[in-house]
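Protein chains: 4
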Amino acid sequence: MSTTEKQVPSLGELLADYPKNWGRWGPDDEVGALNYLGPEAVLAAVRSISSGKVFTLQVPMADPSGDPIWPGARSKPVRVNVIDKGHFLSGKTPPAPGGIEGCDDMIHCYLQGSTQYDALGHAWFGDQIYNGYDAKTTIGGMTKASILPIAEKGIVGRAVLLDIARLRGKPSLERGETFTHEDLLAAAAAQGVQIRKRDILLIHTGWIGLYFRDQKAFYGDGKGWLEPGLTLSRELVDWFHEMEIPNIVTDTMANEVTVDPATGTVLPLHVALLSYLGISFTEIAALDALADDCAQDGQYECLYVAAPLKVVQAAGSPVNPIVIK
Amino acid sequence: MSTTEKQVPSLGELLADYPKNWGRWGPDDEVGALNYLGPEAVLAAVRSISSGKVFTLQVPMADPSGDPIWPGARSKPVRVNVIDKGHFLSGKTPPAPGGIEGCDDMIHCYLQGSTQYDALGHAWFGDQIYNGYDAKTTIGGMTKASILPIAEKGIVGRAVLLDIARLRGKPSLERGETFTHEDLLAAAAAQGVQIRKRDILLIHTGWIGLYFRDQKAFYGDGKGWLEPGLTLSRELVDWFHEMEIPNIVTDTMANEVTVDPATGTVLPLHVALLSYLGISFTEIAALDALADDCAQDGQYECLYVAAPLKVVQAAGSPVNPIVIK
Amino acid sequence: MSTTEKQVPSLGELLADYPKNWGRWGPDDEVGALNYLGPEAVLAAVRSISSGKVFTLQVPMADPSGDPIWPGARSKPVRVNVIDKGHFLSGKTPPAPGGIEGCDDMIHCYLQGSTQYDALGHAWFGDQIYNGYDAKTTIGGMTKASILPIAEKGIVGRAVLLDIARLRGKPSLERGETFTHEDLLAAAAAQGVQIRKRDILLIHTGWIGLYFRDQKAFYGDGKGWLEPGLTLSRELVDWFHEMEIPNIVTDTMANEVTVDPATGTVLPLHVALLSYLGISFTEIAALDALADDCAQDGQYECLYVAAPLKVVQAAGSPVNPIVIK
Amino acid sequence: MSTTEKQVPSLGELLADYPKNWGRWGPDDEVGALNYLGPEAVLAAVRSISSGKVFTLQVPMADPSGDPIWPGARSKPVRVNVIDKGHFLSGKTPPAPGGIEGCDDMIHCYLQGSTQYDALGHAWFGDQIYNGYDAKTTIGGMTKASILPIAEKGIVGRAVLLDIARLRGKPSLERGETFTHEDLLAAAAAQGVQIRKRDILLIHTGWIGLYFRDQKAFYGDGKGWLEPGLTLSRELVDWFHEMEIPNIVTDTMANEVTVDPATGTVLPLHVALLSYLGISFTEIAALDALADDCAQDGQYECLYVAAPLKVVQAAGSPVNPIVIK
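Protein chains in written order, with the numbering used here: chain A, 395 to 719; chain B, 395 to 719; chain C, 395 to 719; chain D, 395 to 719.
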C-alpha cells in the first residue's frame, strides 16, 4: 500500500484554490452555511408544506441486534436499564410515597454512532479547522466550531429530496458508486422539482437500507468498506458554493464516496464542503420511507427541522431530523 | 418518616375514578395523546408561524461545569474525546490518504439526564404501565411504550407558551410552589392568547434558570429537593383530558411539584397524566429565552417540533425541541 | 430447535441429588468453598514456593485490536483518555503550579469481559442462588453472594497446574472437546505432581491461546460457539466435593464445555459446582506461559494469590491472578 | 492567586539535580524500581510470613452511596446490571437449555477512581515521561510506560507497614499535615521493625478512613482539598533512592501532601519519585484494618502481592492488593 499512498496527492495542494467561507460570517462564526437560514428562509420553507405528513429520519439506535457503525473505528451504542419493574418486584426498591414506580436507563455511545450532525470542526486538513481556528482547539473537547452552536441555532429550512437510487433504477447504489451535482440536477429534473438556492439537500442512495437487508454486502463482503456517494470536483464544489447549500443529508455514513476514485484521497469533500465552505453534514439518515412517499405523491419539497443535542464541546451529535411535507 | 408515610394514600385508590385513555387508540398504541397530532393538527400549527424566529429548548448537556440532574438518582453526562488533533501531533495516528484529520467523541449518560421526553411507560402505578401493558415489560429494556414509537412519530403541533413566572411577577417560582390549570388559563388570559384543544403547553416557571443562577437554592439549600410545579386535582386532570393536551413541556425536572402538598404523594401527575392519559412529558426544557421573546413581541403561539432519539427499548431520550414563531 | 430443547432435561431434576454446600458455612456465607482457605492453608501453600518466579494470569484487556469476549452477549471493553499531553500542548489545560502534567483515562466494560472471578450468585437454577438466597436478590445489583465478599477475603492457596493440552499432545483442545476429573488425575500423574485436598486447580487447555492465534477457529468458524472443557457427571462433582476444591481456574471463558454432550444442558457445572458447592470460578485465564514454564522445570505447584476488585453488588470482577513458584 | 503562582518555582529547576533512574534498566524499561523485585526478593519476602493472615487493601468500589474520588477531576464509578433475575421473571429472557439463569453487569469508571496503581508515565514534568520517553506518547493512550508492563510483571515483595497516624497519636492525620522519611524511620523504630533495602512501604495515615467517618472534613470543609502526606526534600528523595524503594502504598489519594508547603508546587513527589526514580505509587489503599492488626500482634512485616489489571495503554488501574502476614 506504500506505493499507492505515496501517489495520493495532498488535499492541501489539491484544494489550494477551492473556495472557502472562512471569515465570511466573522471571526467568531461556528455555524457556517447555516447562516443562510435566517427568518426569511424559514418562512419560505414553511410554504413548502402541503399535506401535513411528518417523517422522522433517524435510524434506530442501540438496537440489541446492532446498528450501522463505521467499521473498525467505532463500537455500537450500549443501553442498559438502571431501574425497572424488577427492582420493585424484588422488594429492594420501595415505590415512592403514594406508590409510583418507574424505570430509568443509561447509554454509552459514540456521538457520531447513529444518524448525526458533524460539528464544522469535526474534520480538517492541516493545522486549521473551519473558519481558521487552530486544530489544537479540538484537543480534549472542541472549544471552537463544536456541535454546540449548531444545536443552539437549530436547523430549519426548505429541503428537497433527490432520489439518486431511483434515478439509477436500483434500490441502493453499489459499493463505491459515485455521483455528482449533475446527477442531483438530473434527479431534480426527473422528479419535477427545482433545487433553489439555500435548499437543504436530502440525497437518497438507498445505502443504509442495504444494511438492514444485507449486512455482509453493506460492509463490503470481504472487499473492504467503500460507500457510494458524491465525488470531488471543482465544479461540484463551486456548485454547492454558488447554490449556498447550508446542509446535506444522506443515507450513507459519510455523505461522499469513501475514497475518491480519481485521486485516492479519503473523504475529500469533508475538507472541501464541511471544513472550507462550512456546509453542515447530516449522515446515516433514514431516507427510504420518505423517498417512497415522495415517489408516490410527487411532492419532493418539505420543511426540514433538525436539532442535534447541545453537547458541550462535542464533535457531533445524534439527531432525529423531522420532515414536514 | 414512617408515620408520615403510613398516612400517604395509595395513588391506586386516589386515582381510582380518574380518566384513562388506555385502549382508546387500540391495544397496541404506544404514543397516547400524541395521536391527537395528525396531519390537520400539523397544518393548523404551521399557521401559528408569523416571524420565522427559531428557538431551541434543550439545556446544555455534558457541560464540564455540571448539568442540572435529579439529585441522588442520576449522575451527570460524561463526554470524552476518542481522537483529536493531539493524536496527529503525536504522530501516532497518521492522517488518512490525502491528509484529512478528524476528531471523535463518546458520551456516557442517563437518557433522562438532560432536556428529555419520557416514554409513556417510564412511570406507573402497580402492575400496569400505559395502555395496560404489564409492568414487567419494562425489565431490562422497554418492549412496550418505550420512547421508540414516540421518536418514530415525531412531535409536531401548535404550542402556546404560558408564563407562570411572569404571572406571579418573579424570575422563577419558589421551592415547592404550586399552580393549577386555572393558573394556566389565567396566564393565557393575561398574555392575550387562547389555549386551544390539542395544544402543546410550554409552561415557564423559571426553575431551571435558577440552576444556572444559584445551584444551592435550586437544590434546596439543605431543606431537600422540592421543585415547583403543577399539582394534582381531579379538576386539573379532567381539564387536560377534555382539552386533549398531547404534550406538556416545562422548565422543571418533573413537570409537577415533587411532593403533592395535599396528599404527600410523590409525582402523582406522572400517573394521572403520563400513565393514565398518555400525555407526553418533556422535562428540563430551557424556556427563559423564549419566554422573554414572547413577552417582548406578545406572540405566545408557535409551531413546536421535537424528535427524541430512536433509542430502542429506552425509557426516555434527550431532545432539543425547536420552536418556530 | 424446539424438538431438541424439549428433550433437554431440567437441571433441577438432573442435579436433584447432587451435593450442596448451602448452609455449610452458616446462613450468611457468601464465599463458599473459599472458606477452606484459612491461615493454615495459606502457610502450607507458601511452602510450595521454590524459585521465586512470578507469573500473572490475566489476558490483556481493552486491547484496541480486540479482546476474547463471549460472543453475542458482551461487547469489548472501551478505554479512552480523558487528559494527556495533547491537553498541555494545546494550552487548554495549564500544568499545575510547579509544572506537573499528567494523563488520566476511563473504561467502560463488562465486569466479566476479561479474566475474571464469578460471584457465587452469578449463575443459578430456579429461584435460589448460592446458599439458598432468593434469586431476586440479584435484581439491579447483587445484595447477596456478590463478588464483594470474595474480594474482601482474597484468594491465597496452593495451586497445581494441570496441563490437559499437553496430556493430549496438542497446543489447544478442540472445539467442544471434553475432559473429566479422571483426566485431571491423569495429568497430575503424568506431571509427577499430587493434587491435594483444598488445592486450587489451574487447568490448561490452550483454548484462549487459540484466540490469539486464530480468532476464526476460536469462534467456531461458522459452526457456532462451543468451548472445550470439563463435562458433567456425578462422579466428577463428588470428586470436587470430596477434594474440597475451593477454586478452579481455566483458560476458557466458562471453565466447562459450553453444552454438555450427554444431556444438551448448557453450562451445568455452573450450577453443580459454582452454585451448589460454592466453588469459585476463575475464567479466561492466561495459562500458556505458566504451562510452558512448568513443563520446563517440572514444577507444577505454586502459591496462587488473586484478588478480584471490591465492586459493590457486582456479579463478577476482572482480576489479574498472581502465581509464585 | 496570580501573584502566588508566579512565585511557585518550576519543578524542572527545583529538581534539576535530583537523582533519576532513566536509562538505568535500559532504554526500553517501563517498570522502573519494580526491577528491584526479582526472584531473590520474592523468596526473601516469603520469609516475612508468619501467621498466614490475609488482608485485602482495596476500598469498596462503585458503592451506590459514593466512593472517595479526587474532587473536581473525576466522577464516581457507575455499575449497572445488564441481566438479572428480573429478566427471567418477566419471561423476556428464557433460561438456557436445562434452565440455567445468570446475571451480568457493566462498569464505567476512571481507571484511577479507586485503590490504584499509577503507570510510571502517568505524571511528568515537561516533555518527557519516565525513562525519557516523549510525553506525546501519552496521547490517546500510553504507548510507553503504561500500566500494562507493571501488570504483566506483578508486584511481589516484602512490605513493612509504617503507622504515621499511630506515631502521631491520632486516628488520621490532619488536612495538609506533612511527614518525611525521618518520620517513617521513627515509626519503624517505634514499631520495632526494620526498613530494609527494596522494601515496599505501606504508609498508614488514616486519611481514607476519614472519608468513611466524615466526608465533609475529608473534602476540606470549605477550605479546599488538601491531603496530608510525604513532603518534598532532597534528603527524602535521596533516601528513597538509596533504599531502592520499589513501591509506596498509602491511604491517601496521591501518596504526598497535595501542595508542598515549602514551595507551593503541586504533587512534586510525583515527579521526583514516580517519574524520575520510577517508584510505583499505589494510592487510596485501605490500611486501617491492617494497621490495627499490626498494632495488636506487633508484626509489621508481610508479603505484599498486587496485580493491577492488564489494561492496554492505560495510565493506571484499579487494584486490590493482598498482604499475607
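Glycine included, each C-beta is placed from N, C-alpha and C at the ideal position. Values in this document were obtained by computation on a predicted structure and should not be read as measured data.
Query, Result
"Skipping 5 residues on each side, what residues in its chain have a beta carbon closer than 8 Å to that of PRO471/D?", "MET455, ALA456, ASP461, ILE501, HIS502, CYS503, TYR504, GLY507 and SER508"
"Can you tell me whether ALA582/C is buried or exposed, with buried defined as 16 or more other CB within 10 angstroms of its CB?", "buried"
"Can you say whether ASP632/A is buried or exposed, counting buried as having 16 or more other CB atoms within 10 angstroms of its CB?", "exposed"
"Residues in the same chain with beta-carbon distance under 8 Å from THR646/B, minus the five sequence neighbours each way, listed in chain order, please.", "THR599, TRP601, ILE602, GLU621, PRO622, GLY623, GLU677 and ILE678"
"Run through the stretch 427-460 of chain C for me and flag every whole alpha helix (DSSP H) of 4 or more residues, listed as ranges in chain order.", "433-440"
"Please state whether DSSP places LEU620/C in a helix, a strand or coil.", "coil"
"Using the rule of at least 16 other Cβ atoms within 10 Å of the residue's Cβ for burial, across every protein chain shown, is ARG473/C buried or exposed?", "buried"
"Is there at least one Cβ from chain D nearer than 8 Å to THR398/A's Cβ?", "The pLDDT assigned to THR398/A is 49, lower than 50, so where the model puts this residue is not dependable, and the model offers no usable value."
"Identify every residue that forms a DSSP beta bridge with ASP528/C.", "GLN522/C"
"Quick one: is LEU596/A buried, meaning 16 or more other Cβ sit within 10 Å of its Cβ, or exposed?", "buried"
"Report the three-state DSSP secondary structure of ALA689/D (helix, strand or coil).", "helix"
"Which residue wins for smallest C-alpha separation from GLU546/A, given the options THR532/B, GLY535/B and LEU681/B?", "LEU681/B"
"Taking all protein chains shown into account, do 16 or more other C-beta atoms lie within 10 angstroms of the C-beta of ARG385/D, making it buried, or fewer, making it exposed?", "There is no way to answer for residue 385/D, as the model of chain D reaches only from 395 to 719."
"Helix, strand or coil for ALA582/B per DSSP?", "helix"
"Taking just the CA atoms, how far does GLN522/A sit from THR644/B?", "41 Å"
"Closest Cβ-Cβ distance between LEU542/B and chain D: below 8 Å?", "no"
"Whose Cβ in chain A lies nearer than 9 Å to the Cβ of THR644/B?", "Within chain A, no residue comes near THR644/B; the closest Cβ sits about 18 Å away, beyond 9 Å."
"For PRO565/A, count neighbouring C-beta atoms within 10 Å of its own C-beta (all shown protein chains included) and say buried if the count is 16 or more, exposed if not.", "exposed"
"What are the residues of the stretch 494-508 of chain A that lie near chain D, defined by any Cβ-Cβ distance shorter than 8 Å?", "MET500 and HIS502"
"At the level of alpha carbons, what is the spacing between ILE594/B and GLN585/A?", "36 Å"
"With distances taken between CB atoms, is the gap from ALA701/D to GLY515/D smaller than 8 Å?", "no"
"Work out the CA separation of ASP423/B and LEU578/B for me, nearest whole Å.", "29 Å"
"Compute the beta-carbon to beta-carbon distance between THR625/C and THR572/C, rounded to the nearest angstrom, for a pair I have assumed lies under 8 Å.", "4 Å"
"Would you mind giving the Cβ-Cβ distance between ALA708/C and LEU542/C, rounded to the nearest angstrom? I have them listed as a contact below 8 Å.", "7 Å"
"In whole angstroms, what is the alpha-carbon distance linking PRO433/A and ILE533/C?", "52 Å"
"Using only alpha-carbon positions, find the residue among VAL436/D, TYR412/D and GLY446/D that is nearest to GLU636/D.", "TYR412/D"
"Below 8 Å between beta carbons: does that hold for ARG552/D and LEU671/D?", "no"
"From VAL436/A to GLY480/A, what distance separates their C-alpha atoms?", "47 Å"
"TYR412/A by DSSP, collapsed to three states: which one?", "coil"
"In terms of residues, what are the limits of the alpha helix (DSSP H) holding ASP512/D?", "Per DSSP, ASP512/D belongs to no alpha helix (DSSP H); it is in the beta strand (DSSP E), 510-512."
"In angstroms, rounded to a whole number, what distance separates the CA positions of LEU431/C and TRP464/C?", "30 Å"
"If you scan the stretch 541-570 of chain D from start to end, which runs of the beta strand (DSSP E) of 3 or more residues do you find wholly inside it?", "549-557"
"Excluding the 5 residues flanking SER396/B on each side, which residues of the same chain have their C-beta closer than 6 Å to its C-beta?", "The predicted model places SER396/B with a pLDDT of 42, which falls under 50 and marks its position as unreliable, so this point remains unresolved."
"Taking VAL472/B as part of the alpha helix (DSSP H), name the residues at either end of that continuous run.", "Note, VAL472/B: premise wrong, no alpha helix (DSSP H); beta strand (DSSP E) at 472-477."
"Quick one: give me the first and last residue of the beta strand (DSSP E) that ILE501/C is part of.", "498-504"
"Could you give the C-beta distance for VAL665/D and LEU405/D, rounded to a whole number, given that I count them as a contact under 8 Å?", "5 Å"
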